[in-house]
Every structure is written in structure tokens, then in C-alpha cells.
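Q:
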Amino acid sequence: MRRWILPAIPIVVLLALFVLFAGWSLKRDPDVKPAALVGRPVPETVLPMLQGSGTGAVLDLKTAGRGRPMLINVFASWCAPCKIEHPKLMALKAQGVTIVGVAYKDRPEDTRAFLTELGDPFAFVLVDADGQAGLDLGITGAPETFAVNAMGTVTAKHSGVLLDDADVARLVAAAQEVGPRNPR
4 MRRWILPAIP IVVLLALFVL FAGWSLKRDP DVKPAALVGR PVPETVLPML QGSGTGAVLD
64 LKTAGRGRPM LINVFASWCA PCKIEHPKLM ALKAQGVTIV GVAYKDRPED TRAFLTELGD
124 PFAFVLVDAD GQAGLDLGIT GAPETFAVNA MGTVTAKHSG VLLDDADVAR LVAAAQEVGP
184 RNPR
């Protein structure tokens, strides 16, 4: 009988760890995403502009808002959820909300075709062909949207498809704020 006690100890420990992890996972809210950039300035990331890709025109993401509140939307033509949220972005543009698009790991010709097909909600589009801006922003994938106030501080972040009117209103309101909101 003693022969079985020693080998059983690692199995019991592993089972206990599994139960603890499963319990933690059940309590965790899957909608809460890390938003390390909230409360911090937009990273200084210089990217080529989509319209000026052939002429070498570039713009720093940090100064893209030019002292105005804005939303930064990371999207791609290959991203199916980006197509789903696109009508919300078009509606925001119609309301006068400034949105800067960051074409994440996308070819400029594909981005142009995407915007020609669905409409262009962006004040301008920056090309993040190698994904460096995505790394600087700390995104987990496309789409993601950041609210940035007039001082260039990220005040809120939304990971995933922007469909819920409450989420849209929260981001627009957060862009108008001076300080950061609690991230979602």
C-alpha cells in the first residue's frame, strides 16, 4: 500500500492545481481585456499614410489628432470582424467623430479596396505593414479601438468588434475626457 502513496502525491498536486485554475477561470470576466496603455500617451510611432504611400508621406500616430479628441481604430481588410463593425465607424464619421485608421499587417492595395467597397470612415489611414504600431499599442488583434483625448492620452480601449451602442458612446465620451476611464 505504501508503494502507491509516493507516486500519487504528484498526481494529487496536479489535480489540486487544475481545480484552482478552473475556479479562477470561472470567476474571471472574459470581456475584461488588459488595457495597459490607458492613462498613458499615445506611443510615438511614425507610419506611412495610405494615400501618400507612393510619395513617402508619413505621420506620427501621437500627433495624428492635432490637439483634438479622436478614436484610433486598428483594422485590416482580411479581418472579418472589422467588416462587421464598419457601419458603426461610418455612423461615427457622420456624427463628426474623428477616427484615425491603422491598417494592421495589411497591403495598401487591399486596404484601399476594403475602404472603396465599404466606405472610408477615417480622417486618414496609417499603414502598419509590419505590425510595429500594433506592438506599440499593445493590441491583441484586430479590431481594437482606442479613445484619445485632446492632450494625446489614451483614455479608454475597446478590444474586439465595436457593435454595442453603449460601448461606442463610452469611447466617444472617453475621448472628450481629460483623464483615463476604467478600462473594459
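Using this note's numbering, read the sequence shown as starting at 4 and increasing by one per residue. Virtual Cβ for every residue (Gly too), placed ideally from N, Cα, C.
1. Could you have a look at Leu166 and say whether DSSP puts it in helix, strand or coil?
2. State the start and end residues of the unbroken beta strand (DSSP E) segment that holds Gly99.
3. I think Leu50 touches Leu40, with their Cβ atoms under 8 Å apart; what is that distance to the nearest whole Å?
4. With Ala116 as the anchor, note down where its alpha helix (DSSP H) starts and where it stops.
5. Between Val128, Asp109, Leu118, which has its C-alpha nearest Ala60's C-alpha?
6. Since Ala153 and Arg173 are thought to touch, with beta carbons under 8 Å apart, how far apart are those beta carbons, to the nearest angstrom?
7. How is Val171 classed by DSSP in three states: helix, strand or coil?
8. At what residues does the alpha helix (DSSP H) containing Ala136 begin and finish?
9. Take Pro44 and list the residues in its own chain whose beta-carbon comes closer than 7 Å to its own, dropping the five residues that flank it on each side.
10. Report all residues from its chain with a CB closer than 8 Å to the CB of Leu95; omit the five preceding and five following residues, and keep chain order.
A: Let's see:
1. coil
2. No beta strand (DSSP E) contains Gly99, which DSSP labels as neither H nor E.
3. 17 Å between Cβ atoms; not a contact.
4. 111-121
5. The shortest C-alpha to C-alpha distance from Ala60 to any of Val128, Asp109, Leu118 is the one to Val128.
6. No, Ala153 and Arg173 are not in contact; Cβ-Cβ is about 18 Å, not under 8 Å.
7. In the three-state reduction of the DSSP assignment, Val171 falls in the helix class, which pools H, G and I.
8. 135-140
9. Lys65, Gly155, Thr156
10. Here Leu95 has Leu74, Ile102, Pro124, Val171, Val175 as same chain residues with Cβ atoms under 8 Å from its own Cβ, once five neighbours each way along the sequence are excluded.
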